[in-house]
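All residue numbers for the sequence shown refer to the UniProt record's numbering, where the first residue is 1 and numbers rise by one.
Beneath this line is the structure, given in structure tokens, with notes to follow.
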Amino acid sequence: MSLAADLAAVERGGHMVPSKAAGVDGDGEPRRTGTMWTASAHIITAVIGSGVLSLAWGVAQLGWVAGPAVMLLFGAVIYCCSVLLVECYRTGDPYTGQRNRTYMDAVRANLGGTKVRLCGVLQFANFFGVCVGITIASSISMLAIKRAGCFHVRGHDQREACGGSSRPYMVVYGALQVVFSQIPNLHKMWWLSTLASAMSLSYSAIGIALGVAQIVANGGIRGTITGVFVGAGAGVTSMQKVWRSFQAFGNIAFAYGFSFILLEIHDTVKPVAPPSTETKVMRKAVAVSVATTTAVYLMCGCVGYAAFGNDSPDNLLTGFGFFEPFWLLDLANAGVVVHLVGTYQVVAQPVFAFLDGRAAAGAWPGSAALGKRRRVLRVGSLAEIEVSPFRLAWRTAFVCVTTAASTLLPFFGSMVGLIGAASFWPLTVYFPVEMYIAQRRVPRGSAQWLSLQALSAGCLVVSVAASAGSIAGVVEAFKAHNPFCWTC
């Protein structure tokens, strides 16, 4: 039987749509089963990380007016740029045009040339950096569980006695990821993304609830219109104020970033019959995800600032702005770890798919190590882990490298911020804008063209400023770093 016969496509309303009985979609890929809700779960899993608990610090630098305004502004920017990007999922006809299954495919189809290689370098550097940052964040939450119990027993002032290193927990987290990395692809991990999304909303809710309790205990709302003040005492210098404001501005912007994974998530959505398209489904998923993310960010950032004012900690849970009830803090930090297990997989699966595809199509076609010796392990009706010698070896190697980088550079969060700052403008704004202009043939000099270029230029300024702040953070971290100390 030919591939065309196997697809058993039928014509409906002038468009070719795969038959429900087919085991593959119209492009020969395994049948996509994603919906608007599973796509939303993937996005929320990728975008809402434990960094949401650090937004109170960002609001403290900007104050009650600029802090919430910046979060709303970047929510709108991310939504607009994401809509532009999902419009580039198909080239040509919106129903039967060529699918751009990855971000690089979309850049290749619409822009081509050296921009494809630049996109690939930035995207995969982002994947690697985010995986390292996730490992570090997870280990800090694991350590916080231990420290919360210690503070409960010894007292809240025993910070030195209740200290410790997060490096051993990085190894534990890496071991967990070796197992979860054998999940075949994004299509098969919808259940993990759903669980991770639930965990992210749960620990965010706990942080918000503890913040409200602190506000009640304080007898009122703290904070000022302009945030951390300039002056002697507890204030900062004028230059420090500017510097911190740039960092906060950048941190809030990057907290929304998910464009580097958006088209890979888009490719999990199942085909739909005309007059709808997968792109219409994805636009709804983006709207739901950005609205949910913005609401959670506003509540966490504003409630945390109202509770602690200009003394807001870097992280509401691991920075021990709260000490009691310690068991609730433990639950929240455990939720962070579960959520970041899913986030790691959402970010790493495109890397896995890229090398799997290259190996199967070019390097070792038909190899027994790639497919013939593959074993599928099912855990109930949800989880499916597919193991082959090649997949086990190289995915384990990737996890080991990210774990090693985390243990050697536990301040890698600053370096991840630098990677994020450098890639924010091209991946989140520049490429989506340029691809949309090319695909829709937007006339140069038109009102729409000028508006899109103004958006791109403004975000470039933010990216440059945030990059400068991240470089300063990396330099400061290096000064007091001992890469071989596993107890400090």
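Glycine included, every Cβ here is placed at the ideal spot set by N, Cα and C.
- Item | Nearest-angstrom Cα separation, counted from Gly133 out to Thr343 | 11 Å
- Task: Determine the direct distance from the alpha carbon of Gly113 to that of Ser446, and round the result to whole angstroms.
- Result: 26 Å
- From Cys96 to Met104, what does the alpha carbon distance come to, in whole angstroms? One detail in the question is off: residue 96 reads as Thr in this sequence, not Cys. Each residue's Cα considered, the two are about 20 Å apart.
- Query: Quick one: complete alpha helix (DSSP H) runs, 4+ long, within the segment 288-364?
  - Reply: 326-358
- In three-state DSSP terms, what is Gly58? helix
- Starting from Cys162 and walking both ways along the alpha helix (DSSP H), at which residues does that stretch end? Cys162 -> no alpha helix (DSSP H), and no H or E assigned at all.
- Enumerate in chain order the residues of its own chain whose CB-to-CB distance from Ser197 is below 7 Å, with the five nearest sequence positions on each side excluded. Ala41, Ile44, Thr45
- Item | Closest Cα partner of Thr194 within the set Val346, Thr403, Arg32 | Val346
- Item | Beta-carbon proximity list for Ala368, same chain, < 7 Å, skipping 5 on both sides | In this predicted model, Ala368 has a pLDDT of only 49, less than 50, meaning its place in the structure is not dependable; the value taken from the coordinates is given anyway. Result list for Ala368: empty, nothing under 7 Å.
- Whole angstroms is fine: what's the gap from Thr436's alpha carbon to Cys162's? First, the residue type needs correcting, since residue 436 is Tyr and not Thr in the sequence shown. The straight-line gap from Cα to Cα measures roughly 53 Å.
- Message: If you measure between the beta carbons of Gly207 and Ala106, is that distance less than 8 Å?
- Response: no
- Message: With DSSP as the reference, identify every bridge partner of Gln98, one or two as the case may be.
- Response: Thr91
- Message: Once DSSP output is grouped into helix, strand and coil, what is the label at Val132?
- Response: helix
- Message: Would Asn110 and Cys88 qualify as a contact pair, given that the criterion is a beta-carbon distance under 8 Å?
- Response: yes
- Item | DSSP-derived helix/strand/coil call for Pro432 | helix
- Proximity below 8 Å, CB of Ala465 to CB of Phe254: no
- Query: So, Tyr173 versus Ser138, is the Cβ gap smaller than 8 Å?
  - Reply: yes
- Using only alpha-carbon positions, find the residue among Ala438, Pro443, Val475 that is nearest to Leu84. Ala438
- Task: Helix, strand or coil for Gly34, going by three-state DSSP, please let me know.
- Result: strand
- Query: Can you tell which of Phe478, Ala468, Glu476 has its C-alpha closest to the C-alpha of Ser245?
  - Reply: Ala468
- How about Gly257 and Thr428: are their beta carbons less than 8 Å apart? yes
- Task: Name the residue from Ile145, Leu328, Cys400 whose alpha carbon lies nearest to the alpha carbon of Ser181.
- Result: Cys400
- Item | Cβ neighbours of Tyr120 in the same chain (closer than 8 Å, five flanking residues each side left out) | It should be noted that the sequence gives Gly, not Tyr, for residue 120. Hits under 8 Å: Met104.
- Query: Should Glu160 be labelled buried (16 or more other beta-carbon atoms within 10 Å of its own) or exposed?
  - Reply: exposed
- Task: Return the CA-CA distance between Lys146 and Glu434, expressed in angstroms with no decimal places.
- Result: 49 Å
- What whole-angstrom Cβ distance do Val272 and Glu278 have, given they're in contact under 8 Å? 6 Å
- Task: Would you please state the rounded distance, in angstroms, between the beta carbons of Phe127 and Ala348? I believe it to be under 8 Å.
- Result: 7 Å
- In chain order, what residues of the same chain lie with their CB nearer than 8 Å to the CB of Val65, ignoring the 5 residues before and after it? Ile225, Thr226
- Message: Please give the ranges of any alpha helix (DSSP H) in the segment 169-221, keeping only runs that are unbroken, at least 4 residues long and fully inside the region.
- Response: 190-218
- Using a threshold of 8 Å, state whether the C-beta atoms of Ala69 and Val228 are closer than that. no
- Can you give the beta carbon distance from Met142 to Thr294, rounded, assuming they're within the 8 Å contact cut? Not quite, the Cβ-Cβ distance comes to about 29 Å (not below 8 Å), so this is no contact.
- Close-in-space but distant-in-sequence residues of the same chain around Asn185 (CB under 7 Å, 5 per side omitted): Gln349, Ala353
- Query: What does a CB cutoff of less than 7 Å around Thr292 pick up in its chain, not counting 5 residues either side in sequence?
  - Reply: Ile44
- Between which two residues does the alpha helix (DSSP H) carrying Trp425 extend? No alpha helix (DSSP H) contains Trp425, which DSSP labels as neither H nor E.
- Query: Are the beta-carbon atoms belonging to Thr268 and Thr102 less than 8 Å from one another?
  - Reply: no
- Euclidean distance between Cα positions of Val303 and Gly75: 18 Å
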